[in-house]
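Quick notes on the structure that follows.
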Amino acid sequence: MNTRRTLIALASLLAVVGTNVHAQSTTDKALAAEKFTLVAPFPPGGPIDTLARVLADGLAKRYGQTALVDNAPGAAGNIGMDKVKRAKADGHTLLVIPAGNLTINPTLMPKFPFSIEKDFVPVAMLAKTPNVLVTNPATGIKSVADLIARAKARPDTLSYASPGVGSGLHLAGELFKSQSGADILHIAYKGTPPAIADVMGGSVPLMFSNLPTVLPHIKSGKLVALAVTDSTRTPTAPEIPTLAELGVPGVVVPSWYGLLAPAGTPADVVAQLARDATAILAEPAVRERLQGQGLSAWDLQTTAFDAHIRDETARWAKVIKDRGITVE
């Protein structure tokens, strides 16, 4: 009797396993049927391009299929986003996108042409990098305490640069102002390079920037790092404290990047792509490559990633409203 029950249980188990294997192989077969296109809506170079190429290489190896990176810059990323929105929803055209396009632009841009919820499906969070508050050494500001004291003692005498109105780095500065009480004027530039050039040249004393972008200048002594805008110190530069450590809590603003698919992509395909992305980014050689650029993998898949996007969108909508930030 016991033997019979054992055989029945074993048969049931094999049936379940067989069904799962069949479902998995069916999804794999569908994904291996066509080439992949990873759309990066910004020019070559930088974290978006790096992540798109890492994923393209990984998917090509996993499915024995061609995987291309399509750099489609323009309109603050909207051109690339539109390509993916209009693509066939089968998992073969994917979008690698920074946080701002998902969580800031929908509130900031009066005529934002997409609905993140209706036009795309969140696949996975990919990676993040800390932002850092830097100053020109000629300012004599050596700490966040120095900065706050000077800003309060001499209102309207300090300013900070950003790559543009409504950028994540602009909003990091506004959040810092509201949490610290420091009165600092925002100066918007058209991109990161001219902003950094003017901070190093002494025209503007302060800036929030992606750590990988300014780390060489910090190491050379051309810029002084005051704090990172993350919840913990970064392994890339562990000597730089967080703002929370220095008495300015609530300014947790890492730059992060996600993977999206067109709306209507089957749930099993989305789930498989999320697992693929996580596995690719966990490979030791990939981790080393990302760490070399100040990036660290951040594993949030599908539902958890979707919740994070919603939370961040609500958070930045409040900052935009409270600080009266507008763009034409």
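Residue numbers (numbering that gives the first Met the number 0): 0 to 327.
Positions of the beta carbon are idealized from the N, C-alpha and C atoms, including for glycine.
I'd like to know if the segment 121–129 and the segment 282–296 are in contact, where contact means that at least 3 CB-CB pairs between them fall below 8 Å. yes
Return helix, strand or coil for A303, following the three-state DSSP convention. helix
Less than 8 Å between the beta carbons of Q271 and T26, yes or no? yes
How many whole angstroms separate the CB atoms of L205 and I239, which I take to be in contact at a CB cut-off of 8 Å? Not confirmed; about 15 Å, so no contact.
N- and C-terminal bounds of the alpha helix (DSSP H) containing T102: A98 to T102
For my contact list, P80 and L94 are in at a C-beta cut-off of 8 Å; report their separation, rounded to the angstrom. Going by the sequence as given, residue 80 is Met instead of Pro. Confirmed, Cβ separation roughly 6 Å.
Can you tell me which of the three DSSP states T125 falls into? In the sequence under discussion, the amino acid at residue 125 is Leu, which differs from the Thr named in the question. Of the three classes helix, strand and coil, the one that applies to L125 here is strand, per DSSP.
When the distance is taken between beta carbons, is L299 closer than 8 Å to M124? yes
Considering only C-alpha positions, which residue in the set I319, P105, G90 and P136 is nearest to G201? P136
Report buried or exposed for D155, applying the criterion of at least 16 other Cβ atoms within 10 angstroms of its Cβ. exposed
So F207 packs on S161, CB below 8 Å; how close in whole Å? 7 Å
Between H185, G90, P237 and V213, which lies nearest to A196 when the distance is taken from Cα to Cα? V213
Hey, how far is the Cα of A150 from the Cα of L157? 6 Å
Decide yes or no for the touch test of the segment 43–52 against the segment 81–88: beta carbon pairs closer than 8 Å, at least 3 of them. no
If I follow the unbroken alpha helix (DSSP H) through F35, where does it start and stop? Careful: F35 lies outside any alpha helix (DSSP H), inside the beta strand (DSSP E) at F35 to A39.
Cα-Cα separation, L280 to V53: 8 Å
Is it right to say E173 is buried, meaning 16 or more other beta carbons lie within 10 angstroms of its own, or is it exposed? buried
Can the beta-carbon of T312 be found less than 8 Å from the beta-carbon of T106? yes
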